[in-house]
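Beneath this line is the structure, given in structure tokens, with notes to follow.
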Amino acid sequence: MDVVKLRLSVAFLTLMGIFVLANCNTEDVEVPLPVESKLSTQEVNMQWPTQPAMGIDPAKEYSAVLQTSKGEVHIDLFASEVPVTANNFVFLVREGYYDGVPVHRIVVNFMIQTGDPTGTGRGDPGYKFDDEPVTRDYLRGIVAMANSGPNTNGSQFFIMHQNYQLPKNYTIFGMVSKGLDVVD
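Sequential numbering of the sequence shown, starting at 1, is according to UniProt numbering.
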């Protein structure tokens with residue numbers, strides 16, 4: 001099975017910058033983490049009228065590496081289980097949508113949330129997409145879509161700090177495979 005790696009740069013707790021550093025071949029193309037902590041107008045204004053067309057191969061394995069000032073966080077994406085959600089995440093990463101995005105919500109011993117370029121918790125990429133079935137539990141290290149109700153997924157996602165019994169309303173699309181100490 002092919003493995004496609006995405007490399008993301010993140011400065012947790014202050015600024016989250018996500019950059020694509022990979023392609024479908026095995027070579028990485030590095031993009032530097034920005035020095036400034038201000039969000040650019042371009043980042044905030046990135047909007048699309050509809051969800052992205054399928055651009056990934058759900059039969060391939062995808063992973064992301066969040067590079068932070070505290071270390072790396074490795075995330076394995078569940079592309080075969082939730083292809084629409086994994087595709088959305090990969091699309092936004094490749095478009096640079098997450099570049100410079102802050103971690104806007106931290107709930108100690110529960111989760112951290114990011115994916116909103118405005119930093120307010122109300123931003124989105126201009127479109128919403130439907131939920132996909134949740135077949136897993138919300139365990140420590142799970143990565144899931146944040147939403148404002150059924151079928152309102154966009155760009156925001158959260159990483160679980162601990163196991164928690166949430167209603168299965170948030171599409172789970174990945175799992176931290178290395179670096180939970182950085183998330184903590």
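The beta carbon of each residue, even a glycine, is placed where N, CA and C say it ideally should be. Just so you know, these numbers come straight off a predicted model, no measurement behind them.
Check, Outcome
"Endpoints, beta strand (DSSP E) assigned at Val107", "105 to 107"
"Same chain, Cβ closer than 7 Å to Gly179, neighbours up to 5 away in sequence not counted", "Gly71, Glu72, Val73, His74"
"Inter-stretch contact (C-beta, 8 Å, three-pair minimum) for the region 109 to 126 and the region 151 to 165", "yes"
"Distance between Lys128 and Gly149 (C-alpha atoms, nearest Å)", "11 Å"
"Sequence-distant residues of its chain with Cβ nearer than 7 Å to Asp124 (five each side left out)", "Gly154, Ser155"
"Assigned exposure category for Thr171 - 16 Cβ within 10 Å defines buried", "buried"
"With 16 other Cβ atoms within 10 Å as the buried cut-off, status of Thr26", "Below a pLDDT of 50, predicted positions are generally treated as unreliable, and Thr26, at 30, falls in that range; the measurement from the model is reported next regardless. When all chains shown are included, Thr26 counts as exposed."
"Whole runs of the alpha helix (DSSP H) within the UniProt domain \"PPIase cyclophilin-type\" (71 to 184), excluding any shorter than 4 residues", "83 to 95, 180 to 183"
"Assigned secondary structure, Ala64 (DSSP; H/G/I helix, E/B strand, else coil)", "strand"
"Proximity winner among Lys60, Val134, Asp76, relative to Leu66 (alpha-carbon distances)", "Asp76"
"Cβ-based burial, Asp99 [other Cβ within 10 Å; buried from 16]", "buried"
"With 16 other Cβ atoms within 10 Å as the buried cut-off, status of Gly79", "It should be pointed out that residue 79 corresponds to Ala in this sequence rather than to Gly. By the neighbour-count rule (16 or more Cβ atoms within 10 Å), Ala79 is buried."
"Buried or exposed by the 16-neighbour rule on C-beta atoms within 10 Å, applied to residue 209", "Missing from the structure shown is residue 209; the chain here goes from 1 to 184 and no further."
"Same chain, Cβ closer than 6 Å to Pro167, five either side skipped, listed in chain order", "none"
"Whole-angstrom C-beta distance between Val82 and Glu132, which should lie under 8 Å", "4 Å"
"Presumed contact (8 Å Cβ cut-off) between Met175 and Thr85, rounded CB distance", "Between Thr85 and Met175 the Cβ distance is about 13 Å, and since that is not below 8 Å, they are no contact."
"Contact check, Phe110 vs Gln165, beta carbons under 8 Å", "no"
"C-alpha gap between Asp51 and Asp181, whole angstroms", "It is worth fixing the name first, because residue 51 is Gln in this sequence and not Asp. Each residue's alpha carbon lies about 33 Å from the other."
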